[in-house]
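Residue numbers (the working numbering), protein chains in the order written: chain A, 163 to 364; chain B, -17 to 284.
Virtual Cβ for every residue (Gly too), placed ideally from N, Cα, C.
What follows is a set of notes on a single structure, which appears directly below.
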Amino acid sequence: MNEDFKNSARSPREDAVLIRAFQGGDKAAFDELVLKHHHKLFNLCYRFLGDYQEANDSAQETFIKAYRSLKKFRLESAFSTWLYRIAVNTSKNKLKSAEYRRKKKMVPLDNPASLDLSSPAMGIQDETHSPAMQLEKKERMRVIQEAINALPPEQKVVVTLRDIEGFSYEEIVEITGVKAGTVKSRLARARLDLRNKLRSMI
Amino acid sequence: MNCSEIKELLSEYVDGVLDVKTKALVDEHLSTCKDCRQELASLKTLVNELGSLESVAPPRDFLKELHERMERRSWFSKILRSLFVPMRLKIPLEFAGAAAMAILVFSLLHVQQDHYRMAEAPVGLKQEVVAEKGALDSLGKGLKDEASKPQRTYKTATAEQPPEQKEPIELVLVMKRALPPETHAPGAAMEAAPAPKEKMGRSPAKREAAPSAQPEMDQRDDDFLPQLTRVVELAGGTVVSIEYAKASNRPESIHAEIPAEQFTAFYSRLQELGELKIAPGSVTGNEQGDLPVRIRLLSSSR
């Protein structure tokens, strides 16, 4: 995971400055907020939904909702947790929607085309250029993503936020709105489930 | 702590969120249990594996696409707004819907009421026409017509009304100036019909109208009306209502209910009060129960 990116996404002061500017009528400040958070937010949506196009829809929808509500945002909580809460709820709703279920039936999520992570559009930050290594990595990612896809949505949210996006327990409590004890138990169950499914790999 | 209890805590142990005391217990167990150490190692590998997953980048034109979407939404909301902002008056969709529903319900009810009014119209209208005409007609000109008009009315009404509703039997009574003295005397017929008091009690509200208006009538009508009422009572019937002419305040017609079996006796007693006309075929002799009768009163010019 890109640590610089992780850190840049959590700079509340900067977010606060941009939000105030937006609330003061500077619409370009919102674009800056989007560019600052969209990478991580998109990744969260992708890990949660397991489909590139659906993740894009969900991320776009999240920013549109944020744009509409940002004028009323009071900076009492961190912008990032507020934004990810919107993203989690939007993605959950998408997961429940009939349209999503229909698509899932028609195009299996393990379809190599939908997980073509080496394509330029996907923008993988890969340091190794060996085709054999790339193939192995790609295969590992596919298997792990499949295991994540198979988790119940509540466990999937928690394990994505904690182990993939690196949020703290407190932040996860704030984003999901569930109690700390519930977060811990869901995370433990999700990890156990993933460990059992990926035992041959790890 | 046994192995299963330790394994439940390993997830929090990896994240370093256990309290000091619990962490010390887990550490102590792990130092002696190879199986749990392996479990911990595999859990750490999984967490590292998930944390090192390549991040999937959004499309390069993410922001451009976002602007386009927002623009589309904005156009859609502008169109919606423009539909409801004629003359700078904003009408919420919910209100517009409620108003449309109210208009629909009102118009449906209105149409239905008209329909009911149409169905009820023939009876009411015909009765009114007869009453007004009767007030205007004089005896010389109108007697012949009077005898035939109610008949037409009755026949038409019978055809249009449901069979269970009884149309009143129309009678026209041309009052004599001097009443026959024998009608005042209580005869054998009075004993034969001893129930007028009970029957009279059936519609007290309507009957009250008659006595209150009587002091304004002239002497002839004042004498005549009790006689007519007595005839109705003798037949075991009930005076339902009395209509008065607007201009003269004289009694114009009397509505009564007469038991079917007493109708012949009633008719013959009425004849004693004056010249009586009845529409032919009004009474067949097969009637049962109380027959509604409307007696129109006409003054004799003699």
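With 16 other CB atoms within 10 Å as the buried threshold, where does residue i fall?
i	result
asparagine 205(A)	buried
leucine -9(B)	buried
methionine 157(B)	buried
glutamine 20(B)	exposed
glycine 339(A)	exposed
glutamine 253(B)	exposed
asparagine 169(A)	Residue confidence is low: asparagine 169(A) scores 48 on pLDDT, short of 50, so the model does not pin down where it sits. Its coordinate-derived value is still stated next. Label assigned to asparagine 169(A): exposed.
proline 163(B)	Confidence at proline 163(B) is low in this model, with a pLDDT of 44, below 50, so the placement of that residue is unreliable and no value is reported for it.
lysine 198(A)	buried
proline 262(B)	exposed
cysteine -15(B)	exposed
tryptophan 57(B)	exposed
lysine 60(B)	exposed
leucine 86(B)	exposed
histidine 92(B)	exposed
leucine 297(A)	exposed
serine 239(A)	exposed
glycine 343(A)	exposed
arginine 55(B)	exposed
glycine 218(B)	buried
valine 179(A)	exposed
aspartate 177(A)	buried
glutamine 215(A)	exposed
aspartate 272(B)	buried
glutamate 149(B)	buried
lysine 16(B)	exposed
arginine 230(A)	exposed
serine 34(B)	exposed
valine 2(B)	exposed
phenylalanine 184(A)	buried
alanine 81(B)	exposed
proline 293(A)	exposed
glutamate 36(B)	buried
In terms of residue numbering, what span does the beta strand (DSSP E) encompassing residue i cover?
i	result
glycine 256(B)	256 to 260
threonine 220(B)	220 to 226
My guess is that residue i and residue j are in contact by the Cβ rule of under 8 angstroms, so how many angstroms apart are they, rounded?
i	j	result
glutamate 47(B)	proline 41(B)	7 angstroms
leucine 237(A)	isoleucine 181(A)	6 angstroms
serine 250(B)	leucine 279(B)	Contact flag wrong, Cβ pair sits at about 18 angstroms.
valine 222(B)	glutamate 239(B)	6 angstroms
lysine 233(A)	isoleucine 248(A)	About 15 angstroms separates the two Cβ atoms, so there is no contact after all.
glutamate 152(B)	serine 264(B)	7 angstroms
serine -7(B)	alanine 350(A)	4 angstroms
phenylalanine 245(B)	valine 213(B)	No, phenylalanine 245(B) and valine 213(B) are not in contact; Cβ-Cβ is about 12 angstroms, not under 8 angstroms.
leucine 255(B)	leucine 216(B)	In fact, because the Cβ distance is near 12 angstroms, the residues do not count as touching under 8 angstroms.
valine 154(B)	lysine 259(B)	4 angstroms
leucine 203(A)	threonine 224(A)	6 angstroms
valine 250(A)	valine 196(A)	Not confirmed; about 18 angstroms, so no contact.
tyrosine 331(A)	valine 321(A)	That pair is no contact at about 13 angstroms.
isoleucine 364(A)	glutamate 31(B)	6 angstroms
aspartate 369(A)	leucine 45(B)	Limits of chain A in this structure are 163 at one end and 364 at the other, which puts residue 369(A) out of reach.
Determine which residues share a DSSP beta bridge with residue i and list them.
i	result
histidine 237(B)	Ser223(B), Arg276(B)
valine 154(B)	Lys259(B), Arg278(B)
Where does the unbroken alpha helix (DSSP H) through residue i begin, and where does it stop?
i	result
valine 38(B)	No alpha helix (DSSP H) contains valine 38(B), which DSSP labels as neither H nor E.
isoleucine 337(A)	331 to 338
lysine 234(A)	No alpha helix (DSSP H) holds lysine 234(A); DSSP gives it neither H nor E.
leucine 197(A)	190 to 211
leucine 354(A)	342 to 359
arginine 302(A)	293 to 311
asparagine 251(A)	241 to 258
serine -14(B)	-15 to -3
aspartate 9(B)	2 to 14
glutamate 316(A)	315 to 321
Beta carbon of residue i: closer than 7 angstroms to some heavy atom of the ligand NAP?
i	result
alanine 82(B)	The model on display carries no ligand, and the ligand NAP is accordingly not part of it.
When you compare the region 7 to 18 of chain B with the region 184 to 202 of chain A, are there three or more beta-carbon pairs, one atom per stretch, that lie closer than 8 angstroms?
As far as the Cβ criterion goes, the region 7 to 18 of chain B does not touch the region 184 to 202 of chain A, which means the pair count is below three.
Quick test of the definition: if touching needs 3 or more C-beta pairs under 8 angstroms, does the region -17 to 1 of chain B touch the region 355 to 362 of chain A?
Judged by Cβ distances under 8 angstroms, the region -17 to 1 of chain B makes no contact with the region 355 to 362 of chain A, as fewer than three pairs qualify.
Is it the case that the region 207 to 221 of chain A contacts the region 305 to 322 of chain A, given that we only count it when at least three CB pairs across the two stretches are under 8 angstroms?
Result yes; three or more Cβ-Cβ pairs closer than 8 angstroms.
Selection of the region 15 to 32 of chain B by Cβ proximity to chain E, strictly under 8 angstroms:
Looking at the structure shown, chain E is missing, and the protein chains on hand are A and B.
When the Cβ atoms of the region 326 to 344 of chain A are set against those of the region 292 to 303 of chain A, are three or more pairs found closer than 8 angstroms?
The answer is no - the region 292 to 303 of chain A does not touch the region 326 to 344 of chain A, with fewer than three Cβ pairs under 8 angstroms.
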